[in-house]
Amino acid sequence: MKKALEVGLGIVTSIGGFLEIGSITTAAQAGAGFTFQLGWSVLLGTICIAFLVEMSGRFAAVSKHTIPDAMRERFGVNFYAVPLVVMLGVSLLTLGAELGGVAAALEMATGVSLPVWGIPVAIVAWFTLWRTNFSFIENGVSLLGLVTVAFAVGAYKLHPSYGEIAKGLVPTLPHEDRAHYWFVAVSVLGASITPYLYYFYSSGAIEENWDESYIAVNRAISAIGMFFGGFLSLAVLVLAGMLFKPKGIDVEHYQQLPELLTPIFGRAGFWLVVSALGIACIGATLEITLALSYLVAQGFGWSWGENLPPRKDARFAVTYIALIVAGTLFVILGMDPLKLTQIAMALTAASLPVGVFPFIILMNDKTYLGTHTNGRFGNAVVMFISALAAVLAIVSIPLEIVGGS
Amino acid sequence: MRLIAEVLDEQIKDNKGSNAGRVDGIVLELREGKPPRVAYVEVSPITLFSRFNRRLAWWYARHDRKWGEGRGVPFRIPWSRIRRDGPTLRVDFDADATPINALEDWLRIAVIDRIPWSRR
Numbered sequence: 002m003k004k005a006l007e008v009g010l011g012i013v014t015s016i017g018g019f020l021e022i023g024s025i026t027t028a029a030q031a032g033a034g035f036t037f038q039l040g041w042s043v044l045l046g047t048i049c050i051a052f053l054v055e056m057s058g059r060f061a062a063v064s065k066h067t068i069p070d071a072m073r074e075r076f077g078v079n080f081y082a083v084p085l086v087v088m089l090g091v092s093l094l095t096l097g098a099e100l101g102g103v104a105a106a107l108e109m110a111t112g113v114s115l116p117v118w119g120i121p122v123a124i125v126a127w128f129t130l131w132r133t134n135f136s137f138i139e140n141g142v143s144l145l146g147l148v149t150v151a152f153a154v155g156a157y158k159l160h161p162s163y164g165e166i167a168k169g170l171v172p173t174l175p176h177e178d179r180a181h182y183w184f185v186a187v188s189v190l191g192a193s194i195t196p197y198l199y200y201f202y203s204s205g206a207i208e209e210n211w212d213e214s215y216i217a218v219n220r221a222i223s224a225i226g227m228f229f230g231g232f233l234s235l236a237v238l239v240l241a242g243m244l245f246k247p248k249g250i251d252v253e254h255y256q257q258l259p260e261l262l263t264p265i266f267g268r269a270g271f272w273l274v275v276s277a278l279g280i281a282c283i284g285a286t287l288e289i290t291l292a293l294s295y296l297v298a299q300g301f302g303w304s305w306g307e308n309l310p311p312r313k314d315a316r317f318a319v320t321y322i323a324l325i326v327a328g329t330l331f332v333i334l335g336m337d338p339l340k341l342t343q344i345a346m347a348l349t350a351a352s353l354p355v356g357v358f359p360f361i362i363l364m365n366d367k368t369y370l371g372t373h374t375n376g377r378f379g380n381a382v383v384m385f386i387s388a389l390a391a392v393l394a395i396v397s398i399p400l401e402i403v404g405g406s
Numbered sequence: 751m752r753l754i755a756e757v758l759d760e761q762i763k764d765n766k767g768s769n770a771g772r773v774d775g776i777v778l779e780l781r782e783g784k785p786p787r788v789a790y791v792e793v794s795p796i797t798l799f800s801r802f803n804r805r806l807a808w809w810y811a812r813h814d815r816k817w818g819e820g821r822g823v824p825f826r827i828p829w830s831r832i833r834r835d836g837p838t839l840r841v842d843f844d845a846d847a848t849p850i851n852a853l854e855d856w857l858r859i860a861v862i863d864r865i866p867w868s869r870r
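Chains as they are written, first to last, in this note's numbering: chain A, 2 to 406; chain B, 751 to 870.
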């Protein structure tokens, strides 16, 4: 019974925590630019992240190691420094975008300009990490994120052609604007397959003392939770495809996002988008900050844990304070969160092999996983993700220059 | 024992079960006519940095020396005081009483304890 409740809560929080500024804006750009034709990139990204999350949870439950922990142990510090530096750099941009997303929501709600909200948002993020524990962040904030279900309700009320949506789930070549098509596809994949998510998940499994009895729980949460989360991304794409594309509207400013729901729900739609953006981005802010702090603390063998009071893991606490300060600088300096998101998602896609390749090796290491190593199917999927990530890395940067503007 | 695979970079826990850093280096003792044996493991940013760049390690050690006696050199744990416990290595002393947690202690006193609710 307890496990069933945990599965239910895990699924609900996975759904509530799935969307953030990257997935909302890239799905909206995909729909606005190509109607439903890029639905496949949402589907592929969702399948990829579901597999990675399942693997990271299984790895933690069986080996009692988090991914950064095992990566340093297995490959040594000279190798570990590479994903550490790359992930810190790329995820810091994403953190800046998420903090900017919260500030953008507050700007739309109050009319007070975005940079002014930088410090208040940073204080709320710090205070939540400082005063609460892991369960509060995972469950409380993610449950609030269920407001993003409004996107699915809105898409349903528009009575889209389900046949056309299904056609979009099969990859097709673009007829026009090819560079932009591939750039948006790369951005959607980068927004879906975010390394911080499965790093965060593996550390969360350790924080919550998972063991081998959680393998089935983990599988259910990652498969069902990620599937419905991806469904919400697809709903955003459908909304943009039906509301923005016919009018020739490109998503270039975050102020356009409320237009996804105001034609359906009126003024309530505005508040739904603003609250969805604000809550989703504050949730992602907390997850990224913790994921990066885990990455540093576990790599160096420090005391760490969101369930510990800050004075019990001072270096860990100072790390997350420093990260919030660094991320807030992007907001205070007035960087457009939408532009920052575009850069961050393309770089995330480019940097995926750095995290995924060593993860494949770990997932096949019997010393960590015993009889629970990846099966052939799991290996094939992860190999496919790695190959996809490598291709993304090659194409995303030139695409950003050619088609990203 | 495979030293690189099973000892280097492993997590160390102290006698209270707290994380006490990782094995940043291994010191071998060479013996006449006998195989070398492990004398110490080192837990120190100096050793860690030396695995990337010796000048960086030297620079760090020079600054670390200013913090007082016993600083500026890697902290060494005799191999006899370490035992394996599953995936981790355990030492038989409290890491808080050693330079391993010097930075942790300094941050706790100088930063964390000055902020309200640091104990929750």
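By construction, the Cβ of each residue, glycine as well, lies at the ideal position given by its N, Cα and C atoms.
Short of 6 Å from the beta carbon of Pro69(A), and not among the five residues preceding or following it, lie these beta carbons of its own chain, in chain order: Leu296, Gln299 and Gly300.
Annotation: the continuous beta strand (DSSP E) that includes Thr838(B) extends over Thr838 to Val841.
The beta-carbon separation of Leu341(A) and Leu93(A), rounded to 11 Å, does not stay under the 8 Å limit for a contact. Using a Cβ-Cβ cut-off of 8 Å, Glu819(B) does not count as an interface residue toward chain A, since no Cβ of chain A sits closer than that to its own. For Tyr255(A), there is no enclosing beta strand (DSSP E), as DSSP marks it with neither H nor E.
Within the DSSP bridge table, the entry for Tyr790(B) names Val777(B) and Pro828(B) as partners. Under the DSSP assignment, Asn79(A) falls in the alpha helix (DSSP H) whose first and last residues are Val78 to Thr111. A Cβ-Cβ separation of about 6 Å places Gly205(A) in contact with Phe135(A) under the 8 Å criterion. Against chain A, a Cβ distance below 9 Å from Pro849(B) picks out nothing, because the smallest value is about 14 Å.
Counting along the chain, Lys763(B) sits inside the beta strand (DSSP E) bounded by residues Gln761 to Lys763. In the structure shown, Arg858(B) adopts helical secondary structure according to DSSP, grouped into three states.
Looking from the CA of Leu334(A), the closest CA among Gly119(A), Tyr197(A) and Ala318(A) belongs to Gly119(A). For the 8 Å CB-CB criterion, Ala106(A) and Cys282(A) form a contact. Linking Pro795(B) to Trp829(B) through their CA atoms gives a straight-line distance of about 19 Å.
Interface annotation, Asn769(B): in contact with chain A, CB-CB separation under 8 Å. Where Asn769(B) is concerned, there is no enclosing alpha helix (DSSP H), although the beta strand (DSSP E) around it starts and stops at Asn769 to Arg772.
Nearest neighbour of Ala277(A) by Cα position, chosen from Ala323(A), Thr149(A) and Tyr321(A), turns out to be Thr149(A).
With a threshold of 16 other beta carbon atoms within 10 Å, Arg73(A) meets it and is buried. Residue Arg312(A) holds the alpha-carbon nearest to the alpha-carbon of Leu853(B) among Gly356(A), Arg312(A), Thr263(A) and Tyr200(A).
Asp863(B) reaches chain A at Arg312, counting residues in chain order whose Cβ is nearer than 7 Å. Short of 8 Å from the beta carbon of Val777(B), and not among the five residues preceding or following it, lie these beta carbons of its own chain, in chain order: Val788, Ala789, Tyr790, Val791, Glu792 and Arg826. Following the DSSP letters along the chain, one finds Thr286(A) inside the alpha helix (DSSP H) bounded by residues Arg268 to Phe301.
Judged by DSSP secondary structure, Leu339(A) falls within the alpha helix (DSSP H) whose first and last residues are Pro338 to Met364. In the three-state scheme derived from DSSP, where H, G and I count as helix and E and B as strand, Pro69(A) is classed as helix. Contiguous beta strand (DSSP E) elements confined to the region 35 to 71 of chain A do not occur, taking only those with 3 or more residues. Note that the region 264 to 271 of chain A does not touch the region 31 to 38 of chain A; fewer than 3 beta-carbon pairs, one per stretch, sit closer than 8 Å. Interface with chain B (8 Å Cβ-Cβ cutoff): His176(A) is excluded. Around the beta carbon of Thr111(A), fewer than 16 other beta carbons sit within 10 angstroms, so the residue counts as exposed.
With contacts defined by Cβ atoms closer than 8 Å, Ala345(A) and Glu21(A) do not form a contacting pair. For Lys65(A), the chain B residues whose C-beta falls within less than 7 Å of its own C-beta are Pro837, listed in chain order. Non-local C-beta neighbours of Ile325(A) in its own chain, meaning closer than 7 Å and more than five positions away in sequence, comprise Ala123, Ala126, Trp127 and Thr290, ordered along the chain. Close partners of Ser794(B) in chain A (Cβ separation under 8 Å) are lacking, with about 11 Å as the shortest Cβ gap. Taking C-beta separations shorter than 8 Å and ignoring five residues to either side along the sequence, the partners of Glu253(A) in its chain run Leu339, following chain order.
Taking 8 Å as the cut-off, the beta carbon of Ser223(A) is found no closer than this to the beta carbon of Val43(A). Under the three-state reduction of DSSP, Arg864(B) is assigned to helix. Excluding the 5 residues flanking it on each side, Val355(A) has same chain C-beta neighbours closer than 8 Å at Val83, Pro84, Val87 and Met88, in chain order.
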